[in-house]
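In full-length UniProt numbering, the protein residues as written are 1 to 818.
Heads up: the structure comes next, in structure tokens.
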């Protein structure tokens with residue numbers, strides 16, 4: 001009688017354990033019984049092995065191209081032999097010639113579960129609907145077995161992400177997550193047998209390398225109340241959340257939550273603190289709002305008050321606390337407050353790219369603030385916050401942040417209460433006041449909006465604060481039958497308007513505020529909406545693109561519109577300008593030094609030259625600076641690989657693929673993708689940008705730290721290694737003679753003083769094309785490097801805010817050793 005085959009018989013039969021470091025197969029159950037892992041496996045063909053714990057083994061599928069978070073992308077998943085549970089910890093190199101020979105990385109891990117009403121037994125029926133809670137893969141997924149074709153031996157399935165909060169367009173998971181969740185190593189470092197790696201993009205290793213201390217509290221920026229939504233693309237607009245302002249200081253597992261006035265409220269928000277700590281973030285100071293949701297799923301201040309009354313130890317998941325983050329003030333010891341609003345937001349999104357509920361990054365819209373405002377008011381929400389895209393973080397109330405409220409809401413100090421004739425009600429109304437000129441001024445009464453719990457709580461607190469005399473001057477009629485209290489309690493009140501004598505009309509109690517002292521409660525008066533700072537553009541009708549007809553005015557309008565998404569890359573970076581005062585068909589020239597003729601928003605930074613002297617280089621900080629350059633005939637903006645505040649520390653590396661005249665764009669696209677893959681092997685995330693000319697830029701964002709010498713040396717050796725490996729395709733030599741039939745990998749843009757065209761810059765070329773960031777998936781379908789022109793600013797703005805381009809060009813990573 002033949003021996004019964006066990007579930008790991010095939011696994012063991014395929015391997016010689018004297019030759020491979022893989023573990024021998026024995027059935028075993030994990031502690032939780034619901035383990036899943038994904039291993040990146042560079043064997044005959046690169047793939048990702050998805051493994052789910054079922055019946056004490058790991059059921060396995062080889063997923064070609066890797067799992068995609070995009071519900072529209074279905075991945076082929078080939079069923080392979082069951083693996084032992086011990087394989088869940090395997091990372092290393094399977095010797096060449098052995099089964100599965102190649103490098104194996106532990107790419108993801110976590111827990112899995114069938115959705116409600118389903119089970120692992122569904123695999124026998126050819127489908128599995130399940131959820132993942134991993135470090136990278138999350139949410140709902142679906143495996144479906146395909147019908148076998150005649151003669152087909154392998155079992156083919158499809159893996160697909162289902163639509164939920166974790167879904168996103170494109171292949172962001174495999175394109176940006178390039179290192180081991182266990183060791184932080186890249187594929188190249190695992191292959192080389194290195195024990196560790198330098199910190200890189202969002203890896204566990206980089207996040208455990210905490211070089212900066214836990215940030216301290218600093219005063220938050222406050223918004224000025226206005227009556228009207230500011231207009232124009234200079235403004236970004238966010239939802240005004242109905243909760244408590246919070247500054248979150250984090251360093252790995254160490255988390256502190258401060259109120260807007262610096263009170264440490266960490267103990268009040270235990271579940272949120274745990275969620276933040278679980279992200280294992282580097283040292284950072286994050287501006288945010290803590291909210292609680294009501295039964296309808298809307299942020300509600302009264303609900304938040306009830307949660308806080310129960311205390312952190314009594315909070316439940318049903319309380320639905322959430323942290324909505326919207327600004328990043330410090331990162332790894334670097335003060336980011338001088339960066340433009342939009343760039344700080346981009347860096348925040350990159351930092352929290354792996355966060356999930358209850359931690360959120362507040363979404364924003366560029367322009368179209370009135371549409372968002374109407375939507376919030378229709379939903380009976382508080383209103384919106386509007387911010388200048390190029391504004392700095394000032395730590396005070398300013399016009400760079402403004403708030404537009406759907407209903408009037410302000411804070412008032414309680415100065416007394418009137419008795420109630422209703423049985424069981426401790427008071428009828430509260431008397432309110434605000435400080436004006438250092439003195440309390442009476443502002444009327446509020447008698448509605450109190451729950452039974454509110455009445456009991458307020459009655460107890462008011463009893464302890466009773467006094468004989470009024471703390472503010474109150475007219476005789478309003479002071480009858482009033483019990484006065486010491487002005488210590490702060491209440492938030494919604495009301496219709498102020499009456500002619502300055503009292504609230506139709507007031508409604510929303511809750512007490514413990515995060516603001518009474519002395520700081522002053523009237524909030526709406527200012528006029530901020531006016532646009534315009535730059536006068538002369539000769540607007542001058543045609544500067546003669547073949548396609550675009551004028552100087554249209555170019556200026558393009559830069560005015562595109563500034564919000566261009567500034568994160570262009571601001572505070574030494575620039576060289578391509579100026580064409582008479583249009584692109586006439587004389588054009590580069591200018592990098594400041595002649596003092598541009599205007600007040602075009603700044604200069606002194607930079608040491610080779611001869612030891614210093615020259616002033618140009619840089620801009622805001623939309624106004626861009627437009628002043630355009631007024632002086634600028635078409636193109638080319639930037640250094642470093643910022644103006646630290647020109648000796650490069651923060652991006654660029655490989656400009658310049659094809660020989662005989663090559664088509666298909667060859668360029670393939671080359672860009674191959675370079676992306678080689679960089680990924682080294683643990684480096686890279687992005688693609690169409691140059692607006694004939695090539696593609698492969699952009700590698702970097703955390704400043706390396707010198708220009710190290711930067712240039714890495715770029716040179718990487719490019720030379722590619723050209724040596726494939727001399728028929730690539731050359732790292734700029735000589736025209738060496739370029740024949742090849743693609744020149746222009747690494748020389750990575751030396752001190754060199755520049756590259758900036759994202760969203762127009763080009764002084766036929767048709768007024770622009771340099772445009774694209775996803776790696778998009779690149780496949782592009783016919784050339786200039787699909788967009790200055791006529792398509794609104795399209796480019798919509799693209800830039802899409803999920804597919806979310807976080808483009810921002811990653812915290814350092815160069816590895818070659």
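Just so you know, even glycine gets a beta-carbon here, dropped at the ideal spot from N, CA and C.
- Residue 747 is not a Cβ neighbour of residue 688, given a cutoff of 8 angstroms.
- Nearest to residue 101 by C-alpha distance, out of 683, 336, 80, 42, is 42.
- Spanning the alpha carbons of residue 535 and residue 491 requires a straight line of approximately 44 angstroms.
- Straight-line spacing of the CA atoms in residue 362 and residue 65 works out to 31 angstroms.
- The DSSP assignment places complete alpha helix (DSSP H) segments of no fewer than 4 residues inside the stretch 724 to 802 at 776 to 780, 793 to 800, in order along the chain.
- Closest in alpha carbon position to residue 554, among 528, 398, 634, is 634.
- Taken through DSSP and simplified to helix, strand or coil, residue 271 comes out as helix.
- For residue 351 against residue 277, the beta-carbon gap comes to about 15 angstroms, at or over 8 angstroms, which does not count as contact.
- Rounded to whole angstroms, the separation of the alpha carbons of residue 528 and residue 224 is 10 angstroms.
- Straight through space, the alpha carbons of residue 393 and residue 517 are spaced by roughly 23 angstroms.
- Per DSSP, the unbroken beta strand (DSSP E) holding residue 133 starts and ends at 127 to 134.
- For residue 435, the uninterrupted beta strand (DSSP E) run begins and ends at 429 to 436, by DSSP.
- Rounded to whole angstroms, the gap between the alpha carbons of residue 334 and residue 347 is 12 angstroms.
- Closest by C-alpha distance to residue 565, out of 722, 460, 388, is 388.
- Following the DSSP letters along the chain, one finds residue 699 inside the beta strand (DSSP E) bounded by residues 696 to 701.
- Following the DSSP letters along the chain, one finds residue 675 inside the alpha helix (DSSP H) bounded by residues 665 to 681.
- By the Cβ-count criterion, residue 185 is buried, with 16 or more other Cβ atoms from all chains shown falling within 10 Å of its own Cβ.
- Between residue 85 and residue 147, the CB-CB gap reaches or exceeds 8 angstroms.
- No Cβ-Cβ contact shorter than 8 angstroms links residue 286 with residue 229.
- Distances from the alpha-carbon of residue 180 to those of 90, 671, 460, 219 put 90 closest.
- A direct Cα-Cα distance of roughly 7 angstroms separates residue 75 from residue 67.
- By a beta-carbon distance limit of 8 angstroms, residue 156 does not contact residue 63. Their separation comes to about 11 angstroms.
- Taking a 10 Å sphere around the C-beta of residue 375, we find fewer than 16 other C-beta atoms and assign the residue as exposed.
- Residue pairing by DSSP places residue 619 opposite 603 in a beta bridge.
- If you check the CB distance, residue 416 and residue 428 do not come in under 8 angstroms.
- Between residue 623 and residue 560, the C-beta gap is smaller than 8 angstroms, which places the two residues in contact.
- Residue state for residue 506 is assigned as coil, using DSSP reduced to three classes.
- By the neighbour-count criterion, in which a residue is buried when 16 or more other Cβ atoms sit within 10 angstroms of its Cβ, residue 589 is exposed.
- Of the residues 540, 637, 769, 288, the one whose Cα lies closest to the Cα of residue 573 is 637.
- Separation of residue 596 and residue 253 (C-alpha to C-alpha, rounded to the nearest whole angstrom) is 50 angstroms.
- At the C-beta level, residue 289 and residue 138 stay beyond 8 angstroms of one another.
- Per DSSP, residue 370 lies in no beta strand (DSSP E) segment; the continuous alpha helix (DSSP H) that holds it begins and ends at 369 to 378.
- When the Cα atoms are used, residue 484 and residue 418 turn out to be separated by approximately 9 angstroms.
- Taking each of 806, 814, 817 in turn and checking the Cα distance to residue 172, the smallest one comes out for 806.
- Look at the beta carbons and you see the stretch 663 to 673 touching the stretch 729 to 747: at least three pairs across the two are nearer than 8 angstroms.
- The shortest CA-to-CA distance from residue 583 to any of 547, 598, 612 is the one to 547.
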